[in-house]
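S.K.:
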Amino acid sequence: MAETKQFKAESKRLLDLMINSIYTHKEIFLRELISNASDAIDKLYFKSLTDDKVGMGKDDFAINIISDKDSGTLTIVDNGIGMTEEELENNLGIIANSGSFKFKNENEKNEDVDIIGQFGVGFYSSFMVAKEVEVISKAYGEDKAHVWKSSGVEGYTIEECDRDSVGTTIKLTLKEDTENEKYSEYLSDFKLKELVKKYSDYIRFPIKMDVEKTRRKSDAKDDDYSDEAYEKYTENETLNSMVPLWRKNKNELKPEDYNSFYKEKFYDYTDPLKYIHSKVEGMSTYDSLLFIPAQPPFNFYSKDYEKGLQLYSSGVLITDKCADLLPDYFSFVRGLVDSADLSLNISREVLQHDHQLKTIAKSIEKTIKNELKKMLNNNREDYEKFWKSFGIQVKFGVYDNYGRDKDAVEDLLMFVSSAEKKLVTLDEYVSRMKEDQKYIYYAAGETVESIELLPQTELLRDKGYEILYLTDNVDEFAVKVLMRHGEKEFRNVSEGDLGIDSEEQKEETKKLAEDNKDMLSLISETLSGKIKEAIISEKLKSHPVCISSSGQISLEMEKILNQNPQNEKVKSEKVLELNPNHKIFASLQKLFESDKEKFKDYASILYDQALLIEGMKIEDPVEFSNKVCSLMADMA
Numbered sequence: 010m011a012e013t014k015q016f017k018a019e020s021k022r023l024l025d026l027m028i029n030s031i032y033t034h035k036e037i038f039l040r041e042l043i044s045n046a047s048d049a050i051d052k053l054y055f056k057s058l059t060d061d062k063v064g065m066g067k068d069d070f071a072i073n074i075i076s077d078k079d080s081g082t083l084t085i086v087d088n089g090i091g092m093t094e095e096e097l098e099n100n101l102g103i104i105a106n107s108g109s110f111k112f113k114n115e116n117e118k119n120e121d122v123d124i125i126g127q128f129g130v131g132f133y134s135s136f137m138v139a140k141e142v143e144v145i146s147k148a149y150g151e152d153k154a155h156v157w158k159s160s161g162v163e164g165y166t167i168e169e170c171d172r173d174s175v176g177t178t179i180k181l182t183l184k185e186d187t188e189n190e191k192y193s194e195y196l197s198d199f200k201l202k203e204l205v206k207k208y209s210d211y212i213r214f215p216i217k218m219d220v221e222k223t224r225r226k227s228d229a230k231d232d233d234y235s236d237e238a239y240e241k242y243t244e245n246e247t248l249n250s251m252v253p254l255w256r257k258n259k260n261e262l263k264p265e266d267y268n269s270f271y272k273e274k275f276y277d278y279t280d281p282l283k284y285i286h287s288k289v290e291g292m293s294t295y296d297s298l299l300f301i302p303a304q305p306p307f308n309f310y311s312k313d314y315e316k317g318l319q320l321y322s323s324g325v326l327i328t329d330k331c332a333d334l335l336p337d338y339f340s341f342v343r344g345l346v347d348s349a350d351l352s353l354n355i356s357r358e359v360l361q362h363d364h365q366l367k368t369i370a371k372s373i374e375k376t377i378k379n380e381l382k383k384m385l386n387n388n389r390e391d392y393e394k395f396w397k398s399f400g401i402q403v404k405f406g407v408y409d410n411y412g413r414d415k416d417a418v419e420d421l422l423m424f425v426s427s428a429e430k431k432l433v434t435l436d437e438y439v440s441r442m443k444e445d446q447k448y449i450y451y452a453a454g455e456t457v458e459s460i461e462l463l464p465q466t467e468l469l470r471d472k473g474y475e476i477l478y479l480t481d482n483v484d485e486f487a488v489k490v491l492m493r494h495g496e497k498e499f500r501n502v503s504e505g506d507l508g509i510d511s512e513e514q515k516e517e518t519k520k521l522a523e524d525n526k527d528m529l530s531l532i533s534e535t536l537s538g539k540i541k542e543a544i545i546s547e548k549l550k551s552h553p554v555c556i557s558s559s560g561q562i563s564l565e566m567e568k569i570l571n572q573n574p575q576n577e578k579v580k581s582e583k584v585l586e587l588n589p590n591h592k593i594f595a596s597l598q599k600l601f602e603s604d605k606e607k608f609k610d611y612a613s614i615l616y617d618q619a620l621l622i623e624g625m626k627i628e629d630p631v632e633f634s635n636k637v638c639s640l641m642a643d644m645a
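The numbering used here puts the first residue of the sequence shown at 10, with every later residue one more than the last.
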């Protein structure tokens, strides 16, 4: 009987960590064992390129998975380079000693080498699911085979054994099921196929397994659909695709190839709006395949949505959603990145946050923006479809992180314009501005229709000035962060001077305000606590009155911020603007001289009326109604 050897003390501690702490998901043990098998085959394949004695070509190599439900064992077999007794001792008896890492370093300049393993710890993930692990291996060029066997931290044995051919067999005796863990699921054909497809689909050697299937018996009667009319049989099936779509030449692929891949990989039933296939070499070398969906997933604008790209290292899935590869404003992008240059951590489940990852992320961001710009310039119809689905997310990128990324997305922004009620970019708006126009005008509201009814927009539209209609909650916050586009400042039609009056008109307004300062003061006093002041308006045409705002919080921003009942209530500084050319103004002047109490009622009614036009709630609807009824009675 072979002598039991002990792991070194530090190896015992590491093995305990491997089993209980380092790996998040137990299922990755299969990924690790398949990756090690692939590395072993790669080493022998590399040797076959210069050694005719190997006697095998690339098509002869394979990885086989054998599931035995009766004995509770799962076996992974490869016909790779195998291990000698010394290598079994060094690679498996000393945890974190990697033969693959050494081989990769020795041959790093050879493009035919595609070694995945780096740390020499992945093998030990098998102890998360197995109570005993047996490794039978025969090294290339050796006459004898050896078996390494271990039940975990108790130690291991190595002894000579029989094996006909070169390669390695890893046999896992799985743990018994518990209430919380169903280890037996790793013997299921369905589960094994699922895990291979998920993690190892692009291992470049075939991964095969005998799969149980059902077919109709050849002698079954045409009308017999009973269980007896069918028979079970076993078929050796290749489970993986081997060659990733993103590593194929673009000229080999058609749009339907990309569309099919996207729908299958990302569970969408519609074709993507755009695909972006890139191969980047330089500071960081990687392949990427990115997709812009035609429509958002059902949970896109919910807290449950997780952004991120699939991340592969040499065709092996490392993580399903690497959030660090996408900025939040491009979180709608689906796809993947594959790089052999990534600095992985010991568990190969997550990445070290290093310069390399940031470089790839920056390159991905630039690629997405450039492709969206191309779509905007060359395929306006598709871009507008994209904008209607994901424009809000792009606008979030303007003011998120205190406007840090506003320059990255400013050229992609679109808003509905008063000109033909169509979406326009900021560049398009500026290119059509009148020669004497000082500002980029915008108005905010719930809908285009409600914005058009605002008294403040009437005069501008009549003078032929274009207005951007901001209808999404995020819009005005984004515009406030932008402040300007190029040399042109943004100006809310409900705020301050619109820059359309001549000096003569301003002097006339100033004189009117001076002549009516006592009346304006009484309005301000009557509405104390509700408005900052009452003024003579320069922006009204046919309407008697409007509400504007002074300060950083606009009327629309007040509405949006107060929608959340948990937020502390905010108030904009409201200004009541009176149209001196409207007959209501003349009525106010008369009442101010003859009946101050009725004048105050008029002021309150006009204030509430202005609030209603803005889509804001009035404080006391009953009082408003009573005052209107009283006014109507006086007129009867």
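Every residue, glycine too, gets a C-beta built ideally from N, C-alpha and C.
Since we're looking at a predicted model, the values are computed, not measured.
For the alpha helix (DSSP H) containing residue 470, name the first residue and the last one.
M.R.: As a first step, residue 470 is located in the sequence shown; it is residue number 461 there, counting from the start. Where residue 470 is concerned, the enclosing alpha helix (DSSP H) stretches over 464-471.
S.K.: Closest to residue 256 by CA distance: which of 287, 235, 302, 263 is it?
M.R.: Residue numbering aside, residue 256 sits at position 247 when the sequence shown is read from its first letter. Comparing Cα positions, the closest option is 287.
S.K.: Mind checking who residue 325 pairs with in its DSSP beta bridge?
M.R.: Working through the sequence shown from its first residue, we reach residue 325 at position 316. Its beta-bridge partners are 322.
S.K.: Span of the beta strand (DSSP E) holding residue 298?
M.R.: Along the sequence shown, one-based indexing puts residue 298 at 289. 295-301 is the span of the beta strand (DSSP E), which, as asked, contains residue 298.
S.K.: Which residue wins for smallest C-alpha separation from residue 315, given the options 331, 495, 292, 301?
M.R.: One-based indexing of the sequence shown puts residue 315 at position 306. Of the listed residues, the one whose Cα sits closest to residue 315 is 331.
S.K.: Measuring alpha carbon to alpha carbon, tell me which of 187, 266, 146, 431 ends up nearest residue 100.
M.R.: Taking the first residue of the sequence shown as position 1, residue 100 is located at position 91. Residue 146 is the option with its Cα nearest to residue 100.
S.K.: How should residue 640 be labelled, buried or exposed, when 16 other C-beta atoms within 10 angstroms of its C-beta is the threshold for buried?
M.R.: Mapped onto the sequence shown, residue 640 falls at position 631. With fewer than 16 Cβ atoms within 10 Å of its Cβ, residue 640 is classed as exposed.
S.K.: For residue 243, collect the residues of the same chain with a Cβ closer than 8 angstroms to its Cβ; drop the 5 residues on either side in sequence, then sort them by chain order.
M.R.: To locate residue 243, count along the sequence shown from 1; it is residue 234. Same-chain partners within the cutoff: 219, 220, 221, 222.
S.K.: Alpha carbon to alpha carbon, how far is residue 200 from residue 623?
M.R.: Here residue 200 corresponds to residue number 191 of the sequence shown, with the count starting at 1. Here residue 623 corresponds to residue number 614 of the sequence shown, with the count starting at 1. For residue 200 and residue 623, the distance between alpha carbons rounds to 59 angstroms.
S.K.: From residue 305 to residue 398, what does the alpha carbon distance come to, in whole angstroms?
M.R.: In the sequence shown, residue 305 corresponds to position 296, counting from 1. In the sequence shown, residue 398 corresponds to position 389, counting from 1. Between residue 305 and residue 398, the C-alpha separation is close to 6 angstroms.
S.K.: Kindly indicate the opening and closing residues of the alpha helix (DSSP H) around residue 570.
M.R.: The residue you call residue 570 lines up with position 561 of the sequence shown. First-last of the alpha helix (DSSP H) with residue 570: 564-570.
S.K.: Would residue 584 and residue 559 qualify as a contact pair, given that the criterion is a beta-carbon distance under 8 angstroms?
M.R.: In the sequence shown, the residue the question calls residue 584 occupies position 575. In the sequence shown, the residue the question calls residue 559 occupies position 550. For residue 584 and residue 559, yes; Cβs fall inside 8 angstroms.
S.K.: Closer than 6 angstroms by C-beta to residue 279: which residues in its own chain qualify, once you throw out the five before and the five after it? Chain order, please.
M.R.: Position 270 of the sequence shown, counted from the start, is the residue given in the question as residue 279. Here the set comprises 303.
S.K.: According to the Cβ coordinates, are residue 339 and residue 390 closer than 8 angstroms?
M.R.: Position 330 of the sequence shown, counting from 1, holds the residue named residue 339. Position 381 of the sequence shown, counting from 1, holds the residue named residue 390. No, these two residues do not count as a Cβ contact at 8 angstroms.
S.K.: By a C-beta neighbour count over all protein chains shown, 10 Å radius and 16 as the cutoff for buried, is residue 294 buried or exposed?
M.R.: Within the sequence shown, residue 294 is the residue found at index 285, counting from 1. Result: exposed.
S.K.: Span of the beta strand (DSSP E) holding residue 332?
M.R.: Taking the sequence shown and counting its residues from 1, one reaches residue 332 at position 323. It is not in any beta strand (DSSP E) - residue 332 carries neither H nor E in the DSSP assignment.
S.K.: Express the C-alpha separation of residue 154 and residue 94 in angstroms, rounding to a whole number.
M.R.: If you number the sequence shown from 1, residue 94 lands on position 85. If you number the sequence shown from 1, residue 154 lands on position 145. Roughly 8 angstroms separates the two Cα atoms.
S.K.: Would you give the residue range spanned by the beta strand (DSSP E) that residue 379 belongs to?
M.R.: Walking along the sequence shown from the start, residue 379 turns up at place 370. That residue, residue 379, is in no beta strand (DSSP E); its alpha helix (DSSP H) goes 364-387.
S.K.: Name, in chain order, the residues that DSSP records as bridge partners for residue 453.
M.R.: To locate residue 453, count along the sequence shown from 1; it is residue 444. 479.
S.K.: Taking residue 180 and residue 82 to be in contact with their CB atoms under 8 angstroms, please state how far apart those CB atoms are, rounded to whole angstroms.
M.R.: Numbered from 1 along the sequence shown, position 171 holds the residue referred to as residue 180. Numbered from 1 along the sequence shown, position 73 holds the residue referred to as residue 82. Correct: roughly 6 angstroms between the Cβ atoms.
S.K.: Would a C-beta distance cut-off of 8 angstroms place residue 433 and residue 442 closer than the cut-off?
M.R.: The residue you call residue 433 lines up with position 424 of the sequence shown. The residue you call residue 442 lines up with position 433 of the sequence shown. In this structure, residue 442 does not lie closer than 8 angstroms to residue 433 by Cβ.
S.K.: Can you give the Cα-Cα distance for residue 643 and residue 593, rounded to whole angstroms?
M.R.: Along the sequence shown, read from residue 1 onward, the residue named residue 643 stands at position 634. Along the sequence shown, read from residue 1 onward, the residue named residue 593 stands at position 584. Each residue's alpha carbon lies about 16 angstroms from the other.
S.K.: Under the rule that 16 or more other beta-carbon atoms within 10 Å means buried, what is residue 177, buried or exposed?
M.R.: Stepping through the sequence shown from its first residue, residue 177 is reached at position 168. With 16 or more other Cβ atoms within 10 Å, it is buried.
S.K.: Would you call residue 312 buried or exposed, if buried means 16 or more other Cβ atoms sit within 10 Å of its Cβ?
M.R.: Taking the sequence shown and counting its residues from 1, one reaches residue 312 at position 303. With fewer than 16 other Cβ atoms within 10 Å, it is exposed.
S.K.: Mapping the DSSP letters down to three states, classify residue 144 as helix, strand or coil.
M.R.: Taking the first residue of the sequence shown as position 1, residue 144 is located at position 135. Residue 144 falls in the strand class under three-state DSSP.
S.K.: Ends of the beta strand (DSSP E) at residue 82?
M.R.: Position 73 of the sequence shown, counted from the start, is the residue given in the question as residue 82. Residue 82 -> beta strand (DSSP E) spans 82-87.
S.K.: Cα separation between residue 572 and residue 627?
M.R.: In the sequence shown, residue 572 corresponds to position 563, counting from 1. In the sequence shown, residue 627 corresponds to position 618, counting from 1. Roughly 16 angstroms between the two C-alpha positions.
S.K.: Quick check on residue 160: does DSSP put it in helix, strand or coil?
M.R.: What you label residue 160 is simply residue 151 of the sequence shown in a count that begins at 1. Looking at residue 160 - three-state DSSP - the assignment turns out to be coil, as it is neither helix nor strand.
S.K.: Would you be able to state if there are at least three C-beta pairs under 8 angstroms between the region 397-413 and the region 484-496?
M.R.: Touching, per the Cβ criterion.
S.K.: Using DSSP with H/G/I as helix, E/B as strand and the rest coil, what is residue 24?
M.R.: Indexing the sequence shown from 1 puts residue 24 at position 15. Three-state DSSP puts residue 24 in a helix.
S.K.: Can you list, in chain order, the residues of its chain whose CB lies under 7 angstroms from that of residue 15, leaving out five sequence neighbours each side?
M.R.: Indexing the sequence shown from 1 puts residue 15 at position 6. Correct list, in chain order: 164.
S.K.: DSSP three-state label for residue 623, please.
M.R.: Indexing the sequence shown from 1 puts residue 623 at position 614. If DSSP states are grouped into helix, strand and coil, residue 623 belongs with coil.
S.K.: Candidates 300, 190, 247, 40: which alpha carbon is nearest residue 269's?
M.R.: Locating residue 269 in the sequence shown gives position 260, counting from the first residue. Of the listed residues, the one whose Cα sits closest to residue 269 is 300.
S.K.: With three or more beta-carbon pairs closer than 8 angstroms as the criterion, would you say the region 44-54 touches the region 66-74?
M.R.: The region 44-54 vs the region 66-74: in contact.
S.K.: Does the distance from the C-beta atom of residue 545 to that of residue 507 stay below 8 angstroms?
M.R.: As a working mapping, residue 545 is identified with position 536 in the sequence shown. As a working mapping, residue 507 is identified with position 498 in the sequence shown. Taking 8 angstroms as the Cβ cut-off, residue 545 and residue 507 do not qualify as a contacting pair.
S.K.: Do residue 604 and residue 636 have their beta-carbon atoms positioned less than 8 angstroms apart in this structure?
M.R.: If you number the sequence shown from 1, residue 636 lands on position 627. If you number the sequence shown from 1, residue 604 lands on position 595. No.
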